[in-house]
Each structure stands twice: as structure tokens, then as C-alpha cells.
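Take a look at the structure below.
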Amino acid sequence: MRWSLNNVRLRNKMLIVYFLSVFLPIVLTNVIFYQMTTENVKKQRQQDILRAIEQINNEFRAEIEDAITVSSVFISDYNLNAVLDRDYERLAEYINDYNGLIRRIINNYIPVYTSVQSIVVYVDNPTLLRSSGIEYLTDEVRNTDWYQRLAASNSRYPVILRTGSTDGVRDTFSIVRKMNNYENYNNKEKVVKIDLKLTQINQIFHNLNLNGHLYIVNDKSDLIEYTTNPEVRWAVEDAYYKDIPFTKGTMEFEMDNPVNYLAGWRIIARIDEQEVFGQVQRSRDFIVILAVINFLFATVVIAWIFRSMNTRLTRIVRHMKKVRNQNFDTIKDHEYRDEIGQLTREFNRMTLRIKNLIDDVYIRDLQKKELELQNRNAQLNALQSQINPHFLFNALETIRMRSLMKNETETAKIIQNMAKILRNSFTWTNDMVTVKQELELINCFLEIQTYRFSGKLQYELHVDDEALTCMIPKMAFLPFVENASIHGIEATKNGGKINMRIHLAHQKLIFILEDNGVGMSAEVRDRLLSYVHEDVEMGERIGVQNVVYRLRLYYSDRFKFDIQSEPGMGTKIYIEIPSDEKMVVPQKDKEL
């Protein structure tokens, strides 16, 4: 026997639906979503850490650049170099030059650049007096590490290195440069040394709000120039980065310095993996919770639906077995409107009919035949009373042609307009029409009304040419014109006038209809305006309520509808809909 889904019990079918439509899709979706989210969160967190390290690197480089800028001033100042290279015969002359030039330059730059701790110019000129910012270039100075490295450097860029106090603590970053820009003043050796504030450097590198340590490493020697790791004694002794053990659960990030004066220097950050994977962990927990909620919700809904179906189907099967034993009890249950409810009603109806047939089979049989005969007669009468729309249109066309033959052009025109309106009412294949097509129906209707009222109705239609091709729902404007004519003008004694205006403004199609009829009460106006917000279904008649319903269906909250009216003061209708949908104007329909 070939396997068929029809042979599977309903409970098993629901389980198949649950696993194929709920369980597997949720599992696959959450697995894929978890992988993508994890990768995205990991990349984003790594980028955030790199941006933080880059910010620290930029701030550190800015501190160095400030000091280099100050050193460039000392090197390029012609007067300063001339004063430092001059042999003074009298001490008073030097003191005068010092107070007028040297002290002014030094005192001007130290307060401006907060990163600069001190500026000292070392000069091989014994005629100068040691003072604030001026020191002799003695043999002791020449034996220092920073001077030896400056002397060994052939680069035109400044030398950046660590210096310190005499007790062996090298915890200060210094910029040293030779002052030899001017050949006329190179008789005396001059060196400028600028020390940076360590507190400023510490503040920059401790801005990294992450669980980890930063290292400034000189690639030429792998020497650690600075670190936030308190276990490394970088200021007291030479410490090398390769000797720092790499702890498990740590991630490494590097940032090079592209500038020439920091060539070979790089910033390395060792960050705890939890800074990255902690975000991933929270993301995973969120996905797991979301998956559990989806499973529970779907399971509860399916179990609830299955219970509703299974309980009632089991009751029907139980009563069917009773019918087999000639027990014609009906199912006592609420009249639900789903398929099982329909099956229950049909079962009850079938049970009652079987019981009635058994009780009085002949009478029921005669009544049934009589009912069938009556139904056939009713169907025959209904067929005979049907009118073919084409017969109606042909008949109207014949009357119109006979009117034209008798020179009754006005009557012929009215019949033609009536035929257009009828054909438009019978034909509803396209729910969207152009403003031009809607305008043709409005003209037909108003001409018929003018013919009826014999001059009692006057109207003016103003439609911009660019608005004619805009698409609107079919019969979106005509019902308002009909209400203005029938309920507004026809109820007056002396007639009235209808003014209609359609134009485009700011990509909106504006429809304005005004009449000087009897108007309406505030209660009626509020009821019509309430259709904009009430959830109602379209009725069988095309009226204001259904027009508003269709506008809401097409444009949601992108349209505006307003009514201004008072009893005896006429009515004004305002409709505003989007005009972003256009179409090519179709060829004119053949006249009826």
C-alpha cells in the first residue's frame, strides 16, 4: 500500500507541521543568526578597541609633535643662535641678551604646551652664564646616554628617547636636537633638550578603559619604552617585549607610527579576550532566550489550535458511531464558524433529516419533491427575469440613434451619458483610473442632473492639465459630486452651484468640491469624518463611507480628508492624496 498523507492521523500531521514549519526553521534561523551576529559583534568590538588604541597613539604623537615644534623654534631662531654663539667679554651684555631674548623664548613656550616639562639648551660656550634654560656642554653631559645617541645619529630628525634622574630611573621622554642650522653660528656646539611631563603621558595611556595593558615598543631593539603594566620595571632596567610571557585568554593589537621621527616605534595592546567575547556572550544569551521564546510561543499556539480541532473532531466521530447504532442524538455545541463548526452543523442537519425520513418518509418525500419543483420554477423565473447588460446597452444606443434622427440632440446626449455611467458601473476590471477618466463620469453625471433640474443646477470644473494623468481609485470623487447635487442642491428651492477644483501641489493631488446647498449638521459632519479612523468594511453601496475606506486601503495614513459645512451655508470637501503614481492616458473609449 502506497504511503499517503491522508492515512496519517491528525495528531501526527500537526507534529509534522510543527517540526517542518516551526522547529527546524527556528533552529536553522537562530544558528545562522548567531553565527552572523557573533562575527559582526566580534569585528565591531575589535574595531572599537583598535580605534581606542589609535586615539591613544594619536594623542601620544601629538605630545611628541608639540615638543618637536618647540625645538624647531629654537633651531630656526636666528637671533637665539647668534646670542648662544657669541663670545661675551662682559657679563652684563650676556645678562641683557638673556633677559631680552633667551628667557623670553623659554618662558613663552613652557606655559603654552602643557606637555613640556622643561627646556634646556646645552652650549659649549664658557662666556655664557649658567641660568634657567642654559647649561654648559661639559664632558659629563657628553658622556650621558642621550648625548651619545644624538651624536651617533646622522638623521636630520630629532632623537626621541627616555631620560631620567641620576638615580637610574629613566621615566621621562625627551626630544634632543642639534642647533646647527646656521653655518655662520656653528663655532659653538649647541644642543636643545626638551623633557615631556610623565603625568601627561600616563594620563593618555590610562584612558584605555579596557582590561589590559599598553606597551610602547622600539622595534629596533624590541625595548619597552613605556608600559602600563605595573609588573614590568621599564623605568629602572631595560625590559624587552619578547620576554613578557603571553597569557592565555589574551588578545594582541598593534598600531604602528607612520611618522619618521617615531619610525620603528609601535604601540601594542594586550587585552583580555572577555573584552571582545563578553559582547559575543551577551549576544548569544539574547539569541538563546529569543529562540526559547519562539519555541514556547509556537508550541503553545499550535497546541491550542490542535486541541480546538482534535476535541471537536473526536466528538463528531463519537456521535457518528452512535448513528451507526441508530442513535440520532445531535451534537450540543456552540455554532462556530470554522470548517469543523460547519461540519458539526451539517452532521446535526443530516442526523435530523435521517430521523425525520425514518419517522415520516413518504410525507418528507412528497414535500421534498414539491420543494424541488418550486425551486425549479423559481430558477426558471429568475432566468426569465435576467436582463443581459449588452441588450440594455444596445437598447439605449437604439434610443439614442432614434433621438438623433429626430434632432433631439439633448435627449440623445443624456442617454449617451447614462449609458457611460451604466457601463462604468457594470465594468469593474480596473480599480485604478486616471483623473481624466473620472472627470468624464463626473461630466456625464452633472449633465444628466442639469437636464433633470432644468437650469436649477450650475457647475464649474477646473482641472489642471498635469493632474489628468494621475492615478486614483475608481469612483473616488464621483460620490461626493453626487452627494453635493442630490443632498446639497436638489433640496434647495432656488437651485445652486457646484465648484470643483483638482490640481497638483508638492507631489500631492488636491480635490476640492464646494456647493452652496443646504449644508449639514455638525453631527452628520462628525460621523462622516469618523470614517477616516474607524475600521469598517466596504458595504454594498458606493458612498462616502466606502470611498474613505478605499482611500485608507490604498494610501493608509498618507491621505487627508476634511469637511467644512454648516446648515444653510453649503459644504466644502477637501481630499489630498499622493500623486507619485502616474500612467499613460489610455485611448478614449468608443462611444456607446
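Per the UniProt record's numbering, the very first residue in the sequence shown carries number 1; after that it's consecutive. Quick reminder that beta carbons are idealized off the backbone N, C-alpha and C, glycines included.
Got a sec? Which residues, its chain only, sit under 8 Å from residue i by beta carbon, not counting five neighbours each side?
i, result
"residue 141", "122, 135 and 147"
"residue 382", "Low confidence applies here, because residue 382 scores a pLDDT of 39, under 50, leaving its location unreliable; read the following figure in that light. Excluding positions up to five away in sequence, the list is empty."
"residue 567", "518, 519, 520 and 521"
"residue 258", "none"
"residue 591", "Any reading at residue 591 needs caution, since the residue's pLDDT is 35, under 50, leaving its predicted position unreliable; the model's value is listed next. Taken in chain order, the residues that qualify are 416."
"residue 453", "489, 490 and 495"
"residue 204", "56, 59, 60 and 63"
"residue 299", "18 and 22"
So, residue i versus residue j, is the Cβ gap smaller than 8 Å?
i, j, result
"residue 461", "residue 436", "no"
"residue 83", "residue 193", "no"
"residue 313", "residue 331", "no"
"residue 577", "residue 509", "yes"
"residue 497", "residue 458", "yes"
"residue 236", "residue 278", "no"
"residue 446", "residue 481", "yes"
"residue 267", "residue 58", "no"
"residue 302", "residue 18", "yes"
"residue 574", "residue 562", "yes"
"residue 163", "residue 156", "no"
"residue 571", "residue 515", "yes"
"residue 139", "residue 172", "no"
"residue 262", "residue 102", "no"
"residue 504", "residue 557", "no"
"residue 253", "residue 271", "yes"
"residue 11", "residue 310", "yes"
"residue 275", "residue 208", "no"
"residue 77", "residue 187", "no"
"residue 80", "residue 53", "no"
"residue 189", "residue 137", "yes"
Can you give me the start and stop residues for the alpha helix (DSSP H) that residue i sits inside?
i, result
"residue 14", "10-18"
"residue 31", "24-76"
"residue 452", "435-453"
"residue 265", "No alpha helix (DSSP H) contains residue 265, which is instead part of the beta strand (DSSP E) from 265-272."
"residue 518", "Segment: none, residue 518 is in no alpha helix (DSSP H) and carries neither H nor E."
"residue 159", "Segment 159-163 is the beta strand (DSSP E) holding residue 159; no alpha helix (DSSP H) there."
"residue 549", "544-555"
Quick one: residues in its chain with C-beta nearer than 7 Å to the C-beta of residue i, no 5 flanking neighbours on either side, listed in chain order?
i, result
"residue 377", "In this predicted model, residue 377 has a pLDDT of only 47, less than 50, meaning its place in the structure is not dependable; the value taken from the coordinates is given anyway. Counting only Cβ-Cβ distances below 7 Å, and skipping sequence neighbours, we find nothing."
"residue 543", "479"
"residue 115", "63, 66, 67, 196, 197 and 200"
"residue 48", "none"
"residue 98", "131"
"residue 388", "Residue confidence is low: residue 388 scores 44 on pLDDT, short of 50, so the model does not pin down where it sits. No coordinate-derived value is stated."
"residue 117", "195, 196 and 197"
"residue 222", "240, 241 and 242"
"residue 238", "223"
Could you pull the start and end residues of the beta strand (DSSP E) that residue i belongs to?
i, result
"residue 505", "496-505"
"residue 460", "457-463"
"residue 196", "190-196"
"residue 218", "212-218"
"residue 513", "508-515"
"residue 241", "Element bounds for residue 241: n/a, residue is neither H nor E."
"residue 173", "172-178"
"residue 480", "No beta strand (DSSP E) holds residue 480; the alpha helix (DSSP H) holding it covers 478-483."
"residue 226", "223-227"
"residue 88", "Where residue 88 is concerned, there is no enclosing beta strand (DSSP E), given that its DSSP letter is neither H nor E."
"residue 255", "250-256"
"residue 561", "560-565"
"residue 473", "471-473"
Spatial neighbours of residue i within its chain, please: C-beta separation below 6 Å, excluding the five flanking residues on both sides.
i, result
"residue 584", "Residue confidence for residue 584 is low, a pLDDT of 37 falling below 50, so the modelled location carries little weight; the figure read from the coordinates is stated next. For residue 584, where only same-chain residues beyond five positions count, there are no Cβ hits under 6 Å."
"residue 485", "449"
"residue 226", "216"
"residue 433", "474"
"residue 25", "none"
"residue 384", "Any reading at residue 384 must be qualified, since the residue scores a pLDDT of 37, below 50, and its modelled position is unreliable; the value itself is stated next. Excluding positions up to five away in sequence, the list is empty."
"residue 284", "none"
Please check if any C-beta of chain C sits within less than 8 Å of the C-beta of residue i.
i, result
"residue 222", "Absent from the structure is chain C; it holds one protein chain and no more."
Is the segment 289-305 touching the segment 247-258 in the sense that three or more CB pairs, one from each, lie closer than 8 Å?
-> The segment 247-258, when compared against the segment 289-305, does not touch it at the 8 Å Cβ threshold.
Inter-stretch contact at 8 Å, needing at least 3 Cβ pairs: the segment 175-189 / the segment 54-74 = Contact between the segment 175-189 and the segment 54-74 is present: 3 or more CB-CB pairs across the two stretches fall below 8 Å.
Any contact of the segment 37-50 with the segment 126-133, i.e. 3+ C-beta pairs under 8 Å?
-> Verdict: no, contact absent.
Cβ contact (3+ pairs, closer than 8 Å) linking the segment 222-231 and the segment 25-36 | The count of Cβ pairs closer than 8 Å, one atom from the segment 222-231 and one from the segment 25-36, stays below three, leaving the stretches out of contact.
Whole beta strand (DSSP E) runs in the segment 98-155 with 3 or more residues, listed along the chain?
-> List check, beta strand (DSSP E) in window: 116-123 and 134-136.
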